[in-house]
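For what it's worth, the working numbering labels the leading residue of the sequence shown as 1277, then goes sequentially. Each residue gets a CB set at the ideal place from its N, CA and C atoms; glycine is no exception. Predicted model only: the values in this text are computed from it and were never measured. Everything on this sheet refers to the single structure shown next.
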Amino acid sequence: MAPESPPPLRPIEFEILLTLAGGERHGYAILQETEERSQGTLRLETGTMYRALRRLVEAGLARPTERRQPDPQDDERRRYYAITAEGRRAAELEALRLSRLVAAARSARLLPLGT
1277 MAPESPPPLR PIEFEILLTL AGGERHGYAI LQETEERSQG TLRLETGTMY RALRRLVEAG
1337 LARPTERRQP DPQDDERRRY YAITAEGRRA AELEALRLSR LVAAARSARL LPLGT
């Protein structure tokens, strides 16, 4: 019997883990990077993002850090988050799952061949 795969991540959770895979970030930076990566098509509300971040922390996929970035303009109240090893694995599995879906969509001619 194959080991059980974790359930698919919610899109917002995957977006947050993608951002954290690039290094520790505070909440506002997560919001900014997500919007930039989506080229403005995804706009997260602060409360929605923090609820998703809390779910990721509770699931052991992300964790708050004590480290502060060496930025003189940084607000000391900012809390930084990092991806965990479990979070990285969950993001890898989700990326693989999504790539398979894209391949299936391409085979069904739902996507142009060059995308």
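Look at the alpha carbon of residue i and the alpha carbon of residue j, and state the distance between them as a whole number of angstroms.
| i | j | result |
| --- | --- | --- |
| T1327 | V1333 | Looking at the sequence itself, residue 1327 is Arg, so the reference to Thr does not match. Going from the Cα of R1327 to the Cα of V1333 covers about 10 Å. |
| G1363 | R1376 | 20 Å |
| L1329 | G1323 | 10 Å |
| E1312 | S1281 | 30 Å |
| V1378 | Q1315 | 19 Å |
| Y1304 | R1331 | 17 Å |
| E1286 | A1380 | In the sequence on display, residue 1286 carries Arg and not Glu. Rounded to the nearest angstrom, the two C-alpha atoms are 20 Å apart. |
Are residue i and residue j closer than 7 Å when you measure CB to CB?
| i | j | result |
| --- | --- | --- |
| A1371 | Y1357 | no |
| A1367 | L1320 | no |
| R1382 | H1302 | no |
| I1306 | T1317 | no |
| G1336 | T1310 | no |
Can you list, in chain order, the residues of its chain with a C-beta nearer than 7 Å to that of residue i? Leave out the 5 residues immediately preceding and following it.
| i | result |
| --- | --- |
| P1284 | E1370, R1373 |
| A1297 | I1359, R1364, A1367 |
In chain order, what residues of the same chain have a beta carbon less than 6 Å from the beta carbon of residue i, not counting five sequence neighbours either side?
| i | result |
| --- | --- |
| F1290 | E1370 |
| I1288 | A1328 |
Using DSSP's beta-bridge definition, name the partner residues of residue i.
| i | result |
| --- | --- |
| R1301 | Y1357 |
| P1340 | Y1357 |
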